[in-house]
Amino acid sequence: MKIKIASFIILFTLFLSSEMNAQYRNNRNGLDRSMMSGQGNPTPKKKKPVDQVLATTERLTTELQLDGFQSAIVKTIVEDYKNASTSIMEEQVPNELKYEKLTAANNTMEAKILEILNDKQKVKFAELKDKTQNKDKKDKKKRKGKKDQEVTETVEE
């Protein structure tokens, strides 16, 4: 009986003295929290860069049913507007002045486009312009509504 108890105690101490810390590193091949840090945040998918000039030209060509000559002229006009707008944005002037210059450049672009359109296309262009302006206003209202909602939620807390 004493031999059984003594052997049990010896085996018990052997099990306790062995390393059973599987969560530690240092060549023990265990897991720790640093190994799991990258799994929680998936990387966003990279979007392919879209050529805005080409996209705008294609959209106007399909919406207004432009012929090849008109499409080429519209592409040139949109490229000129893009170059002008990027140079305006790079200027070191107040934002209000940038806004005024961008508005003027946009108006000249629209005037040049209207010069090459026929009467039906001018009507469609005006409708398209109104549609995009109304969409922008709705988006601004939605964003403003969300901001107001967030402010009221923080005030209530």
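For what it's worth, my numbering labels the leading residue of the sequence shown as 172, then goes sequentially. Backbone N, C-alpha and C fix where the C-beta goes; we use that ideal spot for every residue, glycine too.
Check                                                                                                            : Outcome
Is Ile-176 buried or exposed, if buried means 16 or more other CB atoms sit within 10 Å of its CB?               : exposed
Output yes or no for whether 9 angstroms exceeds the beta carbon distance between Ile-259 and Lys-283.           : no
Determine, using beta carbons only, whether Leu-237 and Val-245 come nearer to each other than 9 angstroms.      : yes
In whole angstroms, what separates the C-alpha of Asn-277 from that of Pro-215?                                  : 33 angstroms
Starting from Asn-277, trace the alpha helix (DSSP H) in both directions and tell me its first and last residue. : 266-287
Could you give the residue range of the alpha helix (DSSP H) that holds Gln-236?                                 : That residue, Gln-236, is in no alpha helix (DSSP H); it is neither H nor E in DSSP.
For Met-172, name the three-state secondary structure that DSSP assigns.                                         : coil
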